[in-house]
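Those sequence lines, one after another, are chains Z and A.
Taken in order, the first sequence gives residues 45 to 224; the numbers are from the numbering used here.
Taken in order, the second sequence gives residues 45 to 224; the numbers are from the numbering used here.
Even glycine gets a Cβ: it sits at the ideal position worked out from N, Cα and C.
2 protein chains.
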Amino acid sequence: MNIRTLCLGILNFGDATGYEIKKLSSEGRFSHFIDASFGAIYPALTRLHEDGLISFREEFQDGKPTRKVYSISEAGRRDFIDSLDDEPAPDKFKSQFLFLMMCAEYLDKSLIRKFIDDRIAHLEDKCQHLDEVREHCDHDGSQFVIGYGKAMFQAALDYLKDNRAFVEQLGKDRNLEAAE
Amino acid sequence: MNIRTLCLGILNFGDATGYEIKKLSSEGRFSHFIDASFGAIYPALTRLHEDGLISFREEFQDGKPTRKVYSISEAGRRDFIDSLDDEPAPDKFKSQFLFLMMCAEYLDKSLIRKFIDDRIAHLEDKCQHLDEVREHCDHDGSQFVIGYGKAMFQAALDYLKDNRAFVEQLGKDRNLEAAE
DNA sequence: TACGTCATGTAAGTCGTTACATGATTGG
DNA sequence: CCAATCATGTAACGACTTACATGACGTA
């Protein structure tokens, strides 16, 4: 799913600025299955506007930059809802962390331990964050989707805690840089 | 992690052709956290060879095209193992399926049911596939990584089975195309 | 003083996908 | 007979990232 459709979909749930779309997609309730950068969002919004699928109003504020608040148009809504009937593209998951763990035998035990500690901390953050978002969100579809994310993160977390000893023991005992 | 490093890493575990790297990354034991296309792999191998990080021998076979079997060089191995000390980039997960489920209220109940049936079938395939790969693989690092993938897929599967009724009930009752 | 937040946007460049081109063999 | 598998590669295109430019305010 491209950034264009993503923007349209988010605007379908309510008006937003480019900045808010970025925050929603990388920190908010979509952040566990989507990500987009400013450099992708702003041009996408410009194009959607040119195509008549969204409109915007400017909100002047003192002390802060002017906001462009985008709204989806009727044509945009139609376009978006039609697109939902298409089979979803398969999920994409890329993990350099797993790639690294696969190479545990080439890493120092201490380094593996550090990477796993970081990862566990990161997953705990994510889980906690999803819990918070879920509490402050009464949209049913989002609830379902947050639950799905939580289930996956929690499973990863449990697996890491239960199996870290196994992968840590695969590493090299210390950095033998002096020797060779 | 770019395709270049991916190829180097796979070659670090043993010689392979471009075709085999593709298969490993999209069907084999790396397929749940990595993917690469031919159009990315072949140029990457050419460049790695130019840079002296890999070498290749040609294997002529009758009835089948000639294979170029690549091997990692000492320089390549050093380069790769050094790169492992860097902090791994954060995981990336993109799911159009979850995006779709978030929009359940705009979909027909029947369509949601179909999408979920497909997804469950797909996840069951993946789980079974990982089980098979795990049995035929005695590399410890890979075992750990396969287990991680399995845990995540299984969690997603269980969640879907337990909560599908909730999201299905959010959908529209039938396709009201005649009305409007 | 320097960084983080709010806010928009551009431009260059990287990276990777998709489609094409080629062609023999095997299996349903 | 058609599709899939094996096998390599190119070229065009698209998508996205990164870095930059601008600027005021708040806070540690």
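Go to residue i, then tell me how far its alpha helix (DSSP H) extends in each direction, as first and last residue.
i             : result
residue 91/Z  : 82–94
residue 66/A  : 62–70
residue 216/Z : Unbroken run through residue 216/Z: none, as it is neither H nor E.
residue 53/A  : 47–56
Buried or exposed: which applies to residue i, given that a residue is buried once 16 or more other Cβ atoms fall within 10 Å of its Cβ?
i             : result
residue 163/Z : buried
residue 223/A : Confidence is the limiting factor: at residue 223/A the pLDDT is only 49, short of 50, which leaves the residue's position unreliable, though a coordinate-based value still follows. Under this definition residue 223/A is an exposed residue.
residue 198/Z : buried
residue 180/A : exposed
residue 209/Z : exposed
residue 104/Z : exposed
residue 69/Z  : buried
residue 213/A : exposed
residue 46/Z  : exposed
residue 82/A  : exposed
residue 73/A  : buried
residue 60/Z  : buried
residue 58/A  : exposed
residue 170/A : buried
residue 66/A  : buried
residue 80/A  : buried
residue 218/Z : exposed
Could you spell out the range, first to last residue, of the beta strand (DSSP E) harbouring residue i?
i             : result
residue 116/Z : 111–116
residue 98/Z  : 98–103
residue 136/A : 136–138
Check the C-beta distance from residue i over to residue j and give it rounded, since I have them as a contact under 8 Å.
i             : j             : result
residue 114/A : residue 89/A  : 6 Å
residue 53/Z  : residue 86/Z  : Not a contact, Cβ separation roughly 17 Å.
residue 133/Z : residue 140/A : 5 Å
residue 153/A : residue 215/A : 4 Å
residue 75/Z  : residue 96/Z  : That pair is no contact at about 29 Å.
residue 55/Z  : residue 78/Z  : So it is not a contact: roughly 14 Å between Cβ atoms.
residue 200/Z : residue 195/A : 7 Å
residue 148/A : residue 156/A : 6 Å
residue 136/Z : residue 138/A : 5 Å
residue 225/A : residue 174/A : Chain A is shown from 45 up to 224; residue 225/A falls before or after that span and cannot be answered.
residue 203/Z : residue 192/A : 5 Å
residue 146/A : residue 120/Z : Not confirmed; about 17 Å, so no contact.
Residues of chain Z with CB closer than 7 Å to the CB of residue i, please, in chain order.
i             : result
residue 191/A : 203, 207
residue 155/A : 129
residue 142/A : 77, 189, 192
residue 210/A : 188
residue 138/A : 77, 78, 135, 136
Counting only Cβ pairs nearer than 7 Å, list the residues of chain A close to residue i.
i             : result
residue 150/Z : 125, 128
residue 184/Z : 214
Can you name the residues of chain A whose CB is closer than 9 Å to the CB of residue i?
i             : result
residue 119/Z : Correct list: empty, because the minimum Cβ distance to chain A is about 16 Å.
Applying a beta-carbon distance threshold of less than 8 Å, which residues of chain A neighbour residue i?
i             : result
residue 87/Z  : Within 8 Å Cβ-Cβ: nothing; residue 87/Z doesn't reach chain A, min ~19 Å.
residue 195/Z : 199, 200, 202, 203
What does residue i touch in chain Z if you count any residue whose Cβ is under 8 Å from its own?
i             : result
residue 171/A : Ordered by position in chain Z, no residue passes the 8 Å Cβ test against residue 171/A, which lies about 12 Å from the chain.
residue 159/A : 131, 132
Going along chain Z, which residues have a C-beta under 9 Å from residue i?
i            : result
residue 53/A : 143, 146, 147
Minimum length 4: unbroken alpha helix (DSSP H) runs contained in the segment 137–166 of chain A:
Qualifying alpha helix (DSSP H) stretches, in chain order: 140–146.
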